[in-house]
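Structure first, commentary second.
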Amino acid sequence: MTSETVEKDEELSINSNVLDSDDEEDDLFKDWSSIAKLSKSQAVVPKRGDKDYEPDGTNAQELLLYRAKKAMFDSISDAARGTVVKNQIKAYYVPQCHRAFIPHPRGNFMHTMGKVDRNGTCWLTFNEFVYLAERGTITPYFKRSDRESHELDPLLSIQDLYLLFKTAQETDEFAVFAHLKRLGFIVISSQLTPKSESADIPHTDVKKGFRQGLSTLTKAIFTFFPVPTYHPLQYHLTRYTTSSQIYEALKNLVPYYAAPKTMHDLEKDKYVTKFEGDDHEFTFDVWKPRGTFKKKVPGPPDFQLLVFNKNSSDCTFPTYAEIKQRFRSVRSKYEGSLTQAHTASSPGSKEVGKAVKRLNPYIEQQRRLKRGYRSFILAVMDDGLISFVKLTESDFGSEDVWFKTSGKTSKERSGPAQPKRRNAKNSINKQIPQTPPTSKNLPAET
Amino acid sequence: MNEHTKIAISLVKGNSNSGTPLVFDIDDIKKLRNWGTAGILTGTLPSAAQQNGFLSVPLRLMVEEALWLVDSGMAFFFTGPETVTAAAETLTAREMEHALERQEKSFAEQRLFKKQQHAEKMASLGIPFDEEKASFTLLESSLFVETPSVSELVSATIDQNSARQEELWIKLYNGLRNTGDYFVYKALKQNHYFLSPGARFGGRFIAYPGDPLRYHSHMTVQPALDYNRDPLDLLQVVSGGRLGTGVKKLWVVAGVKMDDEKEAKEDVSFFSIEWAGFG
Amino acid sequence: MPKYVPNVKYYKYPLPIHPLDNLPELVLHNPISWVFWLYSYVSSTNLLPSKVHVKFSSGKHITVADPDEMLYLWRNGFFGTAQLSRSEPTWKERTLNRLGLLESSRALEHVTEQRRLQRLEFKRERANFEAVKRELRHQGVEESEITNQERKFLQSLREQETQDQETTTTDVQFREADAELFDDNNKIVDLEVLELMPVEAMFLTFALPVLDLPAHSLARSLVGNNPSYADINDLCTKYAAYHHYRSHGWCVRSGIKFGCDFLLYKRGPPFHHAEFGIMVLNSDDSMDYTWYASSARVVGGAKKSFILCYVELLIPREEALLLWQQGKFARLFASYKMGEVMYRRWVPGKNRD
Amino acid sequence: MNNSLVFELVTSNLTHQQLWDAVKAHKLSNSVNSDIWVVNGCPPHKLSNDDVELTNEWILPVELQQYDRGSLTLELADQIFAELRCRRIILGIVNDDGTVVYYFMYKGLHKPKKN
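Protein chains in written order, with the UniProt record's numbering: chain A, 1 to 446; chain B, 1 to 279; chain C, 1 to 353; chain D, 1 to 115.
The following block contains the structure:
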């Protein structure tokens with residue numbers, strides 16, 4: 001009976017929860033009436049007005065709709081793009097390199113965007129150019145090839161800028177770029193991020209590292225020749241005195257991909273990937289908003305992101321092989337379940353070297369299962385609406401969650417499920433605090 | 001419908017298979033809305049540039065939407081970075097002068113307006129207004145340079161030639177992941193629904209009984225099925241029906257009838273599914 | 001956390017094969033205890049006294065009909081689902097209760113049913129008010145006044161509801177169809193059977209010696225004598241995944257109600273809510289995005305983590321088919337490799353600091 | 001499609017778990033190349049507030065086999081609607097875990113419940 005209570009509870013829980021999450025997502029079409037009050041300094045999003053079930057033919061409803069539409073179109077029309085002459089920054093698009101330059105650069109945006117060359121000219125990627133033009137921060141011009149002077153270079157409209165995108169994929173990428181920029185994230189094309197190559201390579205001997213990579217591979221192959229079991233006579237010959245023994249016998253059958261779990265393993269995996277030319281670029285590297293960001297030494301990104309158009313015949317959702325390749329190429333900060341590893345890679349962390357508090361193994365296991373290991377973000381474009389999905393490497397094969405039974409001890413009967421003490425996972429854990437806090441991925445703090 | 005009342009849909013990179021249909025003119029966006037097409041605003045709203053809830057032009061259309069608008073004679077496509085580059089490079093000195101004149105005219109209007117405003121303010125404070133004394137540099141530096149939404153460069157070169165339009169249409173149609181969705185879209189439009197992209201709700205489209213600004217959505221429409229061949233995915237029915245119960249939307253499946261060459265016929269059969277409330 | 005921990009004694013063992021946990025104590029300095037221990041060891045077995053009897057009904061539905069065996073499978077690892085209940089076989093008790101033949105308190109289903117009816121009534125009232133609202137609008141009444149009235153109406157509804165809950169009574173109902181529930185001695189017939197998912201049945205005969213149906217017979221009954229690889233692929237991949245999770249200690253149950261393949265429970269449903277919803281895929285699958293999105297929404301909506309379990313076949317398909325035909329299931333299932341990816345919605349605004 | 005093996009399971013489930021009255025199975029006549037059964041019965045109470053009164057319902061038993069694909073096409077659904085001439089049918093989805101779940105299926109575009 002009690003089990004039914006739980007299960008029923010569980011089912012009933014769906015509806016309300018889904019509803020909750022929808023309230024937040026159904027904001028596709030909102031109440032624009034108070035948008036006029038918004039200014040650059042206070043971006044307070046107004047609450048959604050109550051909506052009706054369907055048109056009922058009343059004038060009152062017509063009026064409400066009329067007002068809603070008017071508020072929306074007024075807000076759009078009133079907010080002209082551009083700047084006053086005093087603040088005007090001119091940027092020129094160069095079709096030959098699909099970039100734009102600012103001859104006399106100034107402004108806050110330069111902390112996170114653009115690249116200044118020897119002559120003091122700031123070069124913007126096309127995404128940065130369009131984004132800044134759309135905000136009104138820069139005025140976009142077209143650099144005509146035949147003349148030096150900017151006098152006769154034509155002003156570009158927003159429409160011109162969009163028409164200059166090279167591919168539909170590029171427009172999708174821009175949409176994702178702008179979406180994150182508006183929220184304050186620092187977004188740089190993964191191809192352009194300065195990579196601290198040398199710091200990435202583990203300090204171990206190069207060849208040794210590769211051999212170790214191979215040995216993990218052979219170990220993996222080994223697991224699919226299981227210990228002979230499942231023989232009809234097995235239970236006549238063997239006696240199991242604990243449930244754990246039965247589980248140990250059962251769990252050897254099906255092989256699994258184990259996630260690298262120490263900083264060392266991660267670096268090795270990354271290195272082998274690079275060594276074999278199996279490194280796959282993401283679309284964007286993303287950093288959380290921060291004032292201390294330095295373009296030249298950005299440190300590892302907080303997230304790496306791949307843009308995917310769900311409606312185009314050119315794109316398909318990644319297969320497992322593709323997802324795995326991506327995991328191996330991830331250079332973003334490790335968000336996985338190993339707090340120790342995380343600490344070691346946070347730039348400027350003072351905690352490095354400090355003895356890390358050991359948690360209850362049950363809680364640690366729970367955390368590994370819930371948090372997973374390496375991850376990246378998939379930005380899914382649906383004709384203008386963007387959803388983000390986080391794909392995280394998980395590993396259930398390395399965890400044993402059975403509870404111990406023993407006829408004699410009664411203390412475990414009422415407690416939470418106890419993980420096995422002796423399992424492989426825990427022994428790895430014990431190694432973690434001993435893993436030297438490596439300096440890899442730490443940006444040179446100057 | 002009159003040719004020049006047609007709406008211009010800019011097809012970003014319409015020469016490859018996929019293209020992104022965008023509309024830049026606010027009046028066109030209003031027209032579309034009154035015709036039952038909402039689209040998705042995707043551009044930064046300069047007055048509130050740090051949020052994603054309220055956005056501005058361009059308006060992005062679903063590919064099915066763009067195909068349907070052109071098919072029904074309400075819109076036409078135009079495309080190409082070449083167009084912009086060519087137009088910009090071949091701009092004559094005379095045309096540039098025109099552009100600068102327009103800019104100057106806008107400045108003149110602004111100056112006049114600002115002066116008037118200043119005068120009114122002074123008058124209300126009881127201070128006599130002296131035009132000579134008004135700071136010229138302050139005035140000049142506060143003039144607004146607008147980045148327009150709609151292109152003046154390419155408007156002259158728009159090609160509404162029907163063969164070209166058809167070529168673009170077919171390419172865009174072939175770039176759809178599921179071409180049956182176009183027929184589902186069309187059938188729903190014939191039933192006067194407003195439609196928006198539905199991936200966030202686990203569907204191809206979300207259907208509203210009227211303008212989404214005022215009405216809740218009624219249905220999550222699934223990607224088109226082949227009417228005669230595709231079996232209903234019952235596991236999806238179970239999860240879809242459950243989702244629908246929570247969000248008060250029906251889970252709608254649509255079968256597109258195909259002819260012998262597996263080409264879609266304009267005949268769509270809909271079924272609406274919801275949890276029966278027991279079991 | 002469990003809402004209520006039942007007598008753990010019922011669920012002492014995680015599997016229907018029990019360890020020998022009643023061996024006598026082994027005292028190091030007492031050789032007699034060694035002999036006694038050895039004797040006990042050799043003479044005992046993990047095997048069941050008799051295997052659980054299963055049969056196929058309604059086509060490929062694998063069922064257990066004996067009430068004791070049903071209960072045994074449920075209590076030792078939560079295997080199977082009772083066809084007329086939700087999980088644990090409770091139909092007989094519920095029916096006795098419904099017909100007023102049992103002293104004990106009202107069954108849970110009954111209470112839930114009452115509540116459901118009340119909710120329906122509440123909604124009906126709500127619909128009536130919508131009509132009133134429309135009428136008010138037609139009359140040109142101010143929006144603020146309408147909102148005001150709506151608030152009052154909702155308040156009165158809520159009061160009514162609390163009242164109803166206090167006065168509900170259990171009414172005994174007897175239907176025509178209930179007549180067939182009694183045998184000649186006027187005893188109630190137990191119509192309930194426990195159904196095992198094919199993967200559960202396979203686990204209980206291939207991995208553990210529990211069912212009286214050998215693995216190869218089960219395999220043949222499920223896909224016929226001469227299957228192609230396509231015919232066995234789903235069964236094999238899902239079995240390998242099931243075995244993978246079961247053997248690492250999870251209680252694995254069908255995920256059908258949440259639109260996925262499996263749910264993973266720690267210990268079992270009476271102890272915890274399922275924390276993970278598993279979808280089993282072939283490693284080269286790439287589905288339409290809508291498929292991932294809707295599945296993830298249902299599982300995520302119930303606050304469970306959504307796991308894509310990718311299964312990779314490490315040997316050629318023909319070889320796998322051959323192993324199936326030869327009944328070499330251990331080698332066959334060992335040729336599927338598991339890889340897991342967690343899939344969850346990510347909200348940029350919530351990940352800024 | 002062939003549901004001749006599971007219609008009894010659904011009949012029994014409706015009668016003894018869902019407590020429906022007068023539950024009877026019928027074989028459809030004009031469905032081509034298939035052996036299709038539907039179940040008719042009366043629920044213990046109105047299933048939806050949008051229903052005007054308590055009426056007999058048609059249930060189509062379908063089997064969800066996780067190990068092979070179903071075969072209910074929309075074409076077939078149309079044929080069933082054509083024969084039964086009802087505004088909705090209820091899909092009785094028989095799962096391989098021993099449960100039966102029920103879903104309304106309306107022909108055409110239908111409005112969701114108001115509340």
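Glycine included, C-beta positions come from ideal geometry on N, C-alpha and C. A quick note: this is a predicted structure, and the numbers were derived from the prediction, not measured.
- In the structure shown, Leu-143 of chain B falls within a coil segment according to DSSP collapsed to helix, strand and coil.
- The beta-bridge partner set that DSSP reports for Gly-82 of chain A consists of B:Glu-146.
- The alpha helix (DSSP H) runs lying completely inside the segment 355 to 379 of chain A and spanning 4 residues or more are 361 to 371, given in chain order.
- Contacts with chain C (Cβ-Cβ distance below 7 Å) from the segment 225 to 239 of chain B involve Leu-235, Gln-236, Val-238 and Ser-239, listed in chain order.
- For Glu-125 of chain C, not one C-beta of chain A is nearer than 9 Å to its own C-beta.
- Residue state for Cys-309 of chain C is assigned as strand, using DSSP reduced to three classes.
- Taking C-beta atoms under 8 Å as the contact rule, Leu-385 of chain A and Ile-40 of chain B qualify, at a distance of about 6 Å.
- Using a Cβ-Cβ cut-off of 8 Å, Pro-112 of chain D is close to His-218, Met-219, Gly-244, Lys-248, Lys-249, Leu-250 and Glu-274 of chain B, given in chain order.
- Pairing Thr-83 of chain A with Val-145 of chain B, the inter-Cα distance amounts to about 5 Å.
- For the set B:Val-253, B:Val-12 and B:Asp-233, the Cα lying nearest the Cα of Glu-82 of chain B is the one of B:Val-12.
- Our two residues, Tyr-66 of chain A and Leu-213 of chain B, have alpha carbons roughly 10 Å apart in a direct line.
- Using a Cβ-Cβ cut-off of 9 Å, Gly-53 of chain B is close to nothing in chain C; its nearest Cβ partner there is about 10 Å away.
- Interface flag for Glu-340 of chain C against chain A is set, since a Cβ pair is found closer than 9 Å.
- For Ser-144 of chain C, the three-state secondary structure derived from DSSP is helix.
- In this structure, Leu-28 of chain C sits away from Val-210 of chain C, with a CB-CB distance that is not shorter than 9 Å.
- Think of a sphere of 8 Å around the beta carbon of Leu-183 of chain A: the chain C residues whose beta carbon falls inside it are Pro-348, Gly-349 and Arg-352, in chain order.
- Proximity to Lys-181 of chain A across A:Leu-306, A:Val-286, A:Asp-78 and A:Glu-335 peaks at A:Val-286, based on C-alpha coordinates.
- For Ser-329 of chain A, the closest alpha carbon among the candidates A:Pro-361, A:Pro-103, A:Arg-374 and A:Met-72 is that of A:Arg-374.
- Nearest CB-CB separation between Ala-177 of chain C and chain D: below the 9 Å threshold.
- Interface criterion not met: the Cβ of Tyr-185 of chain B is under 9 Å from no Cβ in chain A.
- Counting C-beta pairs closer than 8 Å gives fewer than three between the segment 311 to 319 of chain A and the segment 253 to 266 of chain A, which falls short of the contact rule.
- Setting aside the 5 residues that flank it on each side, Leu-19 of chain D is surrounded in the same chain by Pro-44, each with a C-beta closer than 7 Å to its C-beta; the list follows chain order.
- In the structure shown, the three-state DSSP call for Arg-124 of chain C is helix.
- Contact annotation: Val-311 of chain C and Thr-205 of chain C have beta-carbon atoms that are not nearer than 9 Å.
- Residue environment: Val-189 of chain C is assigned as exposed (fewer than 16 neighbouring CB atoms within 10 Å of its CB, all protein chains considered).
- In this structure, Phe-79 of chain C sits near Leu-196 of chain C, with a CB-CB distance shorter than 9 Å.
- Nearest C-alpha to Ile-158 of chain A among A:Thr-167, A:Asp-172, A:Tyr-141 and A:His-150: A:Tyr-141.
- Using a CB distance cut-off of 9 Å, Asp-21 of chain D does not count as an interface residue toward chain B.
- According to the DSSP assignment, Ser-398 of chain A belongs to no beta strand (DSSP E), since it is labelled neither H nor E.
- Interface criterion met: the Cβ of Asp-78 of chain D is under 9 Å from a Cβ in chain B.
- In this structure, DSSP gives Glu-88 of chain C a state outside helix and strand, which the three-state scheme calls coil.
- Beta-bridge pairing by DSSP links Ala-207 of chain B to B:Leu-195 and B:Met-219.
- Counting along the chain, Asp-21 of chain D sits inside no alpha helix (DSSP H); it lies in the beta strand (DSSP E) bounded by residues 21 to 27.
- At a Cβ-Cβ threshold of 9 Å, Leu-153 of chain B and Arg-111 of chain B do not count as neighbours.
- Val-23 of chain D sits buried, since 16 or more C-beta atoms from the chains shown fall within 10 Å of its C-beta.
- Closest in alpha carbon position to Lys-257 of chain C, among D:Lys-114, D:Ala-77, D:Lys-113 and D:Gly-98, is D:Gly-98.
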